[in-house]
Amino acid sequence: MKHTLTLLTTWLAALLLASQSAYSAPVSDARELTWRTDDTSVALLNRGKMVWQHVHDKKIGKPYMRFGLLDGTELTRPWPVPKGYPKSDHSSWHRALWWSWKTINGVNYWEQNQTGTEPVTCHIETQSDGSAKIALTIAYHTPSNATVVIENRSILVSAPDANGSYFIDWTADFSPAGQEDVRFGQNSYGGFALRMAAECCGDAARGLPAWVFRSSEGETNFNGQRARWAAYQGQLPNGRSACVAIFDHPGNPRHPALWQSRTQYPYLNPSLTCKEEYILPSGKTLHLRYGVLIHAGIADTKTLEEQWKKFTGQT
646 MKHTLTLLTT WLAALLLASQ SAYSAPVSDA RELTWRTDDT SVALLNRGKM
696 VWQHVHDKKI GKPYMRFGLL DGTELTRPWP VPKGYPKSDH SSWHRALWWS
746 WKTINGVNYW EQNQTGTEPV TCHIETQSDG SAKIALTIAY HTPSNATVVI
796 ENRSILVSAP DANGSYFIDW TADFSPAGQE DVRFGQNSYG GFALRMAAEC
846 CGDAARGLPA WVFRSSEGET NFNGQRARWA AYQGQLPNGR SACVAIFDHP
896 GNPRHPALWQ SRTQYPYLNP SLTCKEEYIL PSGKTLHLRY GVLIHAGIAD
946 TKTLEEQWKK FTGQT
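The following block contains the structure:
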């Protein structure tokens with residue numbers, strides 16, 4: 646009888662432990678936030694997997710930011726683009742989330758010849774809750790030529806909230822480096838740009854619908870149209886869902902922004918020079934501010950509008 650009671654007690658304890666495990670958070674959602682930093686990058690890790698990474702390598706220029714979910718699922722296309730990466734295209738210079746003028750004073754800065762655009766200084770502050778501040782000074786020039794534009798950039802990344810969502814507050818001040826006016830040429834695309842991962846296209850073979858673009862004006866096809874914000878969202882092959890939204894600040898020139906979007910490869914871009922060039926006079930500063938929401942799950946219009954109002958100080 647004593648042996649039977651011992652077995653019964655052991656079985657009940659095991660059953661209780663299994664029941665508790667079944668109702669606890671999945672391992673992928675458990676948090677063990679750490680930082681990985683070196684001279685060229687800073688990354689937030691959760692249980693050893695990348696949540697986001699900012700790269701500011703002087704040798705390659707054009708600082709950029711990769712980001713994803715707390716379980717390590719990346720939502721931006723990696724850069725450099727891995728060999729054999731699915732659904733790639735000619736735009737190998739698309740660097741996840743990044744800034745690049747199309748032309749400055751008639752010189753192309755968008756494609757690979759932008760090696761002369763390098764971070765001159767970079768200061769990083771990280772916190773144990775997963776928040777960070779990145780301050781950059783960036784010089785714009787072609788190789789072996791004098792600097793034509795100086796940018797002072799500030800990136801504030803919030804700590805992930807209870808659901809794993811977080812926010813990037815990106816501001817920049819552009820000033821002519823010399824005594825001459827600077828001309829940012831007209832082009833449909835260019836400026837603050839986002840290239841999403843190939844996995845963020847849906848997967849028809851697995852029955853996953855294509856991801857959907859949506860704007861503050863209720864449009865799903867808003868290429869070349871104005872909007873306060875624009876979002877891209879859908880289901881991932883691992884069964885999770887996500888939404889990424891870019892917010893245009895009312896203080897920006899030409900607000901609300903004219904947008905560029907691409908469905909054949911996931912791309913989103915509020916383009917300051919979409920319809921006309923922008924002249925920055927000598928001695929003046931161009932101030933720009935954008936927000937990026939990385940939302941764990943699908944976000945409805947009400948949620949996105951509330952986030953835009955919070956970003957712009959209207960709530």
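If you want this note's numbering, it's the position in the sequence shown, counting the first as 1, plus 645. Just so it is clear, CB atoms sit at the ideal spot from N, CA and C, and this is done for glycine as well.
Count the other CB atoms, across all protein chains shown, that sit within 10 Å of the CB of residue i; report buried if there are 16 or more and exposed otherwise.
{"i": "H932", "result": "exposed"}
{"i": "T718", "result": "buried"}
{"i": "I891", "result": "buried"}
{"i": "F956", "result": "buried"}
{"i": "T865", "result": "exposed"}
{"i": "S810", "result": "buried"}
{"i": "K747", "result": "buried"}
{"i": "A791", "result": "exposed"}
{"i": "Q698", "result": "buried"}
{"i": "Q772", "result": "exposed"}
{"i": "P911", "result": "buried"}
{"i": "G936", "result": "buried"}
{"i": "G958", "result": "exposed"}
{"i": "G835", "result": "buried"}
{"i": "S789", "result": "exposed"}
Checking 7 Å against the spacing of the C-beta atoms, do residue i and residue j come in under that value?
{"i": "N706", "j": "T766", "result": "A small correction: the amino acid at residue 706 is Gly; Asn does not occupy that position in the sequence shown. In this structure, T766 does not lie closer than 7 Å to G706 by Cβ."}
{"i": "A675", "j": "N808", "result": "no"}
{"i": "R934", "j": "H894", "result": "yes"}
{"i": "H735", "j": "R840", "result": "no"}
{"i": "C888", "j": "S833", "result": "no"}
{"i": "R828", "j": "E922", "result": "yes"}
{"i": "F812", "j": "L938", "result": "yes"}
{"i": "E862", "j": "A872", "result": "yes"}
{"i": "N797", "j": "D818", "result": "yes"}
{"i": "P805", "j": "G775", "result": "yes"}
{"i": "I943", "j": "Q878", "result": "yes"}
{"i": "M710", "j": "A741", "result": "yes"}
{"i": "A843", "j": "P731", "result": "yes"}
{"i": "E770", "j": "S927", "result": "no"}
How about residue i: is its C-beta nearer than 7 Å to some C-beta of chain C?
{"i": "F812", "result": "You won't find chain C in this structure, because it holds only one protein chain."}
What does DSSP give as the partner residues of residue i in its beta bridges?
{"i": "R840", "result": "Y912"}
{"i": "I800", "result": "I779, W815"}
{"i": "R681", "result": "A688"}
{"i": "Y935", "result": "W815, D893"}
{"i": "I924", "result": "R828"}
{"i": "S860", "result": "A875"}
{"i": "D848", "result": "L853"}
For residue i, collect the residues of the same chain with a Cβ closer than 6 Å to its Cβ; drop the 5 residues on either side in sequence, then sort them by chain order.
{"i": "Q880", "result": "L853, S886"}
{"i": "T679", "result": "L690"}
{"i": "A902", "result": "D893, P915"}
Between residue i and residue j, how many whole angstroms is the CB-CB distance? I'm expecting something under 8 Å.
{"i": "A906", "j": "L913", "result": "At residue 906 the sequence reads Ser, which differs from the Ala that was named. The Cβ separation is near 5 Å, so the contact holds."}
{"i": "V687", "j": "I779", "result": "7 Å"}
{"i": "P764", "j": "P708", "result": "6 Å"}
With respect to 6 Å, is the separation between the Cβ of residue i and the closest non-hydrogen atom of the ligand SAH below this value?
{"i": "R681", "result": "The model depicted lacks the ligand SAH and carries no ligand whatsoever."}
Return the chain-ordered list of same chain residues with a C-beta closer than 8 Å to the C-beta of residue i, the five sequence neighbours on each side being excluded.
{"i": "T960", "result": "E951, K954"}
{"i": "V613", "result": "This structure leaves residue 613 out entirely; the chain is present only between 646 and 960."}
{"i": "R851", "result": "P882"}
{"i": "T721", "result": "M710, R711, F712, G713, A741, L742, L839, R840, M841, A842"}
{"i": "F867", "result": "F858, S860, A875, W904, S906"}
Closer than 7 Å by C-beta to residue i: which residues in its own chain qualify, once you throw out the five before and the five after it? Chain order, please.
{"i": "L949", "result": "W874, A876, A890"}
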